[in-house]
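Working notes, structure below.
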Amino acid sequence: MCQVRPKLVIVFFRSVGLALNNSESGFMSGRTGNPERPATIGLIGLGLIGSAVAERLLAAGHTVIGFDVSEESRLKLSQLGGVRTATAGEVAEESDIVWLALPNDTISRDVLREIDDQLRPGQIIADLGTGDPRTAESLAVELNDRGVQFLDATISGSSAQVRRFESFAWQVRHVGPSGRGAWMKLVTNLVLGLNRAALAEGLAFAEAVGLDPETALAVLRDSMAYSRIMDTKGPKMVARDFTPEAPLSQHLKDVRLIREAASRVGQALPLSTEHQRLLEVAESLGLGSLDNSAILESLRQRSEPT
Numbered sequence: 002m003c004q005v006r007p008k009l010v011i012v013f014f015r016s017v018g019l020a021l022n023n024s025e026s027g028f029m030s031g032r033t034g035n036p037e038r039p040a041t042i043g044l045i046g047l048g049l050i051g052s053a054v055a056e057r058l059l060a061a062g063h064t065v066i067g068f069d070v071s072e073e074s075r076l077k078l079s080q081l082g083g084v085r086t087a088t089a090g091e092v093a094e095e096s097d098i099v100w101l102a103l104p105n106d107t108i109s110r111d112v113l114r115e116i117d118d119q120l121r122p123g124q125i126i127a128d129l130g131t132g133d134p135r136t137a138e139s140l141a142v143e144l145n146d147r148g149v150q151f152l153d154a155t156i157s158g159s160s161a162q163v164r165r166f167e168s169f170a171w172q173v174r175h176v177g178p179s180g181r182g183a184w185m186k187l188v189t190n191l192v193l194g195l196n197r198a199a200l201a202e203g204l205a206f207a208e209a210v211g212l213d214p215e216t217a218l219a220v221l222r223d224s225m226a227y228s229r230i231m232d233t234k235g236p237k238m239v240a241r242d243f244t245p246e247a248p249l250s251q252h253l254k255d256v257r258l259i260r261e262a263a264s265r266v267g268q269a270l271p272l273s274t275e276h277q278r279l280l281e282v283a284e285s286l287g288l289g290s291l292d293n294s295a296i297l298e299s300l301r302q303r304s305e306p307t
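Printed below as a string of C-alpha cells:
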C-alpha cells in the first residue's frame, strides 16, 4: 500500500490565508511533478468561494474543470473559461488536483463517497471549507492509505478578497500533521469573527450617540483600534450594503463548531458565546443569507435608556 507522508502548512495570501497539508513534490504541479506545467484542477462546489477560486486559477493559466448542483453556477464557470461537467465524478476523473469548496465537512465526506471510484493513487484532494478537524484527520488516513493525498486547505477570507489575489501562495508556515490546518482555521475564524463583531458594536455605538458612522470609521482606521476588518467590512457596515461575500449563516456554523470543539477540550470561550447569540439574532431577523457584516443589525437593536 502506498503511504504518503505529507506536511501541513498554512499558505497566506496577502489578505486571505490558505491552511493546507502539502507534500514535498510541489502543490500546484499535480501528479506531473512539473512546476512549469500548470495542473488541471477540479473544483466541486462553485458558490461564492468556489467561483472566486476558479476565476483566479483560470487567470493564472490553469485548466479548471468544475461541478456544482446549480446549473447556473456551472454555466458561470464555462463563461469564465472553465470546463463544466454533469457530475462530480467527471471532475475527479479528469483532474490532477480536486478542490472541494462546499458548505460543510458532512457534504465534503458525502461527495468523496460519490467520487470514490474515480479517485486514483497520486491524486490530491484539497478541502477548502471550514469543518471539524477530526473529519480532516480521518479523511487523511482513509485516503492516504489508498495513495490519495488529502489536504485540509481551508481558506480564510471572502470571495471578494480571493478575486483580488494572484494565484496562490504568498507565505508558507508549517503547523503540524493532518488536521492542524483545520484547527488553525477555527482559531483564525474565532479572532476574525470577534474583530468583525467589535467593529459592528463600535459603529452601532457611534450612531447611537450621534456620530457620523463614516467619520467614526475613518477615525478608527487611523487609531490604535485599527484592524484590517475595517478595510474589508467597515465600508459595507457604514453603507449597510450586505451583498454577500461570505454569508452570515456560514459564519454562525463556524462559531458553533468552534464552541463545540472548545467544549470538548474544556476551554471557556465567553466572547464567542455572546458572538454566537448575536449571530443567531441576525439570523432570526432574516439576515442569514446576507454578508457576515450584517451582524451590525443585531447590534443596532436599541434598549431602553436608563
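First residue of the sequence shown: 2, per this note's numbering; consecutive thereafter. Cβ atoms here follow ideal geometry from the backbone N, Cα and C, with glycine treated the same way.
| task | Flag this pair as yes or no: are the beta carbons of Glu95 and Gly62 separated by less than 8 Å? | result | In this structure, the beta-carbon distance from Glu95 to Gly62 does not fall below 8 Å.
| task | Classify Thr33 as helix, strand or coil using the three-state DSSP reduction. | result | Per-residue confidence for Thr33 stands at a pLDDT of 44, beneath the threshold of 50, marking its modelled position as unreliable; no derived number is given.
| Exposure of Phe206, with buried meaning 16 or more beta-carbon neighbours within 10 Å | exposed
| field | Best match in Leu249, Glu261, Glu138 for proximity to Leu288 [C-alpha to C-alpha] | value | Leu249
| Are the beta-carbon atoms belonging to Leu200 and Ser273 less than 8 Å from one another? | no
| Enclosing beta strand (DSSP E) for Ala127 [first to last residue] | 125–128
| field | Backbone CA spacing between Gly295 and Phe243 [nearest angstrom] | value | First, the residue type needs correcting, since residue 295 is Ala and not Gly in the sequence shown. Taking the straight line joining both Cα atoms gives about 6 Å.
| Can you tell me the Cα-Cα spacing of Leu221 and Pro214, whole angstroms? | 10 Å
| message | Check this for me: beta carbons of Leu129 and Ala102, under 8 Å apart or not? | response | yes
| said: Please classify Glu25 as buried or exposed, where buried requires at least 16 other C-beta atoms within 10 Å of its C-beta. | reply: With a pLDDT of 34 at Glu25, under the threshold of 50, the modelled position of that residue is not reliable, and the figure given next carries that caveat. Burial call: exposed.
| Buried/exposed call for Met225, threshold 16 Cβ in 10 Å | exposed
| Taking Ile230 as the reference, which of Val142, Leu195, Arg260 has the closest Cα? | Leu195
| Do Asp146 and Asp106 have their CB atoms nearer than 8 Å? | no
| message | Which residue wins for smallest C-alpha separation from Ile347, given the options Pro122, Glu73, Ala87, Thr136? | response | Nothing can be reported for residue 347, as the shown portion of the chain is limited to 2 through 307.
| task | Measure the C-alpha to C-alpha separation of Gly48 and Glu208 and round it to an integer number of angstroms. | result | The alpha-carbon atoms of Gly48 and Glu208 are separated by roughly 34 Å.
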